[in-house]
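> This is the structure I want to talk about, given as C-alpha cells.
Numbering (the numbering used here), first residue to last: -10 to 87.
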C-alpha cells in the first residue's frame, strides 16, 4: 500500500472539516481585508467562524468598538460573498483580555 504524503493527508483533513482551499470558510479568511476594510484589517483579525458567528480579535478596545459599530455591514459583506455560511452574529475579543 502506498503511503499518502503529508500534503495529501492535510488536504483530506481540511476538506472533511470544510476548511479546504475551496471552502467558503477558507475564502472568508483569505478575503478578510476586502470584507472588513483596509483601515481595520491590521487591527481586527478574524480568528474563527463557528456556529454562524464570526469571532474577531482586536488589538485594543477602541478597535473592538469600531468593529461593533460596523457589525451589520461586516455580516452583510460576508453573507453577500458567501451566503452558504449564513453568518448571523459577530463576537469581538480584545487580545490579552477575557
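In this text, a Cβ means the ideal position worked out from N, Cα and C, and glycines have one as well. From a predicted model like this one, the values you see are computed outputs, not experimental measurements.
#1: Just to confirm my understanding: we take residue 91, look at its own chain, exclude 5 residues before and 5 after, and list those with CB closer than 7 Å. What are they?
#2: Could you say which of 37, 74, 26, 2 lies nearest to residue 56 if we only look at CA atoms?
#3: Could you check whether residue 80 and residue 24 sit closer than 7 Å to each other, using their CB atoms as the reference points?
#4: Under the DSSP definition of a beta bridge, which residues are partnered with residue 37?
#5: Leaving out the 5 sequence neighbours to the left and right, which residues in its chain are closer than 8 Å to residue 29 when beta-carbon positions are compared?
#6: Given a threshold of 16 other Cβ atoms within 10 Å of its Cβ, counted over all protein chains shown, does residue -10 qualify as buried or as exposed?
The relevant details are as follows:
#1: Not covered by the structure: residue 91. The range shown for the chain is -10 to 87.
#2: 26
#3: no
#4: 44
#5: 52, 55, 56, 59
#6: At residue -10 the pLDDT is 45, less than 50, meaning the model places this residue with poor confidence; the figure from the coordinates comes in the next sentence. Its Cβ having fewer than 16 others within 10 Å, residue -10 is exposed.
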